[in-house]
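Below is one structure, written out as structure tokens, with a few remarks after it.
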Amino acid sequence: MFEILGFISAVLIGVSLGLIGSGGSILTVPVLVYLFNVEPVAATAYSLFIVGLSALVGSMRYMKEQLLDYKTAIVFSLPALVAVFLSRILIIPMLPYSLITFNGYTITKGNFLLIVFAALMIIASVSMIRNKKPEADLNELKFNYPLIFVQGFVVGLLTGMVGAGGGFLIIPALVLLAKLPMKVAVGTSLLIIAVKSLIGFTGDIGSGQFIDWFFLFEVSAVAITGIFIGFYLSTKISGAKLKPFFGWFILAMGIYIIFKEIF
Numbered sequence: 243m244f245e246i247l248g249f250i251s252a253v254l255i256g257v258s259l260g261l262i263g264s265g266g267s268i269l270t271v272p273v274l275v276y277l278f279n280v281e282p283v284a285a286t287a288y289s290l291f292i293v294g295l296s297a298l299v300g301s302m303r304y305m306k307e308q309l310l311d312y313k314t315a316i317v318f319s320l321p322a323l324v325a326v327f328l329s330r331i332l333i334i335p336m337l338p339y340s341l342i343t344f345n346g347y348t349i350t351k352g353n354f355l356l357i358v359f360a361a362l363m364i365i366a367s368v369s370m371i372r373n374k375k376p377e378a379d380l381n382e383l384k385f386n387y388p389l390i391f392v393q394g395f396v397v398g399l400l401t402g403m404v405g406a407g408g409g410f411l412i413i414p415a416l417v418l419l420a421k422l423p424m425k426v427a428v429g430t431s432l433l434i435i436a437v438k439s440l441i442g443f444t445g446d447i448g449s450g451q452f453i454d455w456f457f458l459f460e461v462s463a464v465a466i467t468g469i470f471i472g473f474y475l476s477t478k479i480s481g482a483k484l485k486p487f488f489g490w491f492i493l494a495m496g497i498y499i500i501f502k503e504i505f
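My numbering applies: residue 243 is where the sequence shown begins, and numbers increase by one.
Okay, structure coming up:
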């Protein structure tokens, strides 16, 4: 039953990426941990592959429609690649199994990553619930590539630590700092997510960790199917209208994970 729910959730992850360009990937780790019973640290690695492959397929539609800004993608991706790769091969392995012990209660590395991830979910949910899509004034703003570079590094660290795509952080940055129209920001975000996630995953390949490739491709195929469903629904339903409802769901999930991991 949990596995069936896991594959249904994988479809929804893809639908969200195809429909609103973000949000779905932040569900990947909870789905892997709680429905597929994957160990938390391994789940953050598996999430990078599933999210990266799904986003890559999703970005191809925007490539065909020429709704990608490759220059901005490179400026954002380069520091993000360095950060996500370093976090996977240095930071995660350096964290001890038992991080905090207090009155007989121990917070493990897995607990810590899930709590950080849940906090990220709550932050993401607020952005989605507000559902603000600021369009930059092309006549007043200038490209702020240095700030885009810095934000790319920060998002890369978060991606590497918790395995989320970070679209909810990338899209606002591309709209506000690089003056990209929303559709171009979504397409560029998918490409950035794909590149940094897949390259970040290579850090885990070299770590000697066992990787269930069949399972990875199975879940990825289901998520990719969801992306095409999302593309179809985007012609029928406004993603902007659905975004707040999805945000409330993400908020509830984030709160649930924090309580489950702490109490």
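Glycine included, C-beta positions come from ideal geometry on N, C-alpha and C.
Excluding five sequence positions before and after Leu416, the CB atoms of its chain that fall closer than 7 angstroms to its own CB belong to Thr314, Leu422, Ala427, Thr430 and Ser431, given in chain order. Our two residues, Asp446 and Val299, have alpha carbons roughly 22 angstroms apart in a direct line.
According to DSSP, residue pairing for Ser340 in a beta bridge involves Thr350. Across the set Gly489, Ile471, Thr444 and Lys502, the C-alpha of Ile471 shows the shortest separation from the C-alpha of Gly256. Under the DSSP assignment, Tyr288 falls in the alpha helix (DSSP H) whose first and last residues are Pro282 to Lys306. Nearest neighbour of Gly352 by Cα position, chosen from Gly409, Gln393 and Ala284, turns out to be Ala284. Our two residues, Tyr498 and Ile246, have alpha carbons roughly 21 angstroms apart in a direct line. Exclusion of the five residues before and after Leu389 leaves Leu419 as the residues of its chain whose Cβ lies within less than 6 angstroms of its Cβ.
For the pair Leu362 and Val404, the CB atoms are nearer than the 8 angstroms cut-off. Ser289 and Ile412 have their C-alpha atoms some 18 angstroms from each other. Membership of Val273 in any alpha helix (DSSP H) is not indicated, and neither H nor E is assigned to it by DSSP. Here DSSP, grouped into helix, strand and coil, assigns Asp311 to coil. Nearest in C-alpha terms to Tyr339, of all of Gly409, Ala325, Ile292 and Phe354, is Phe354.
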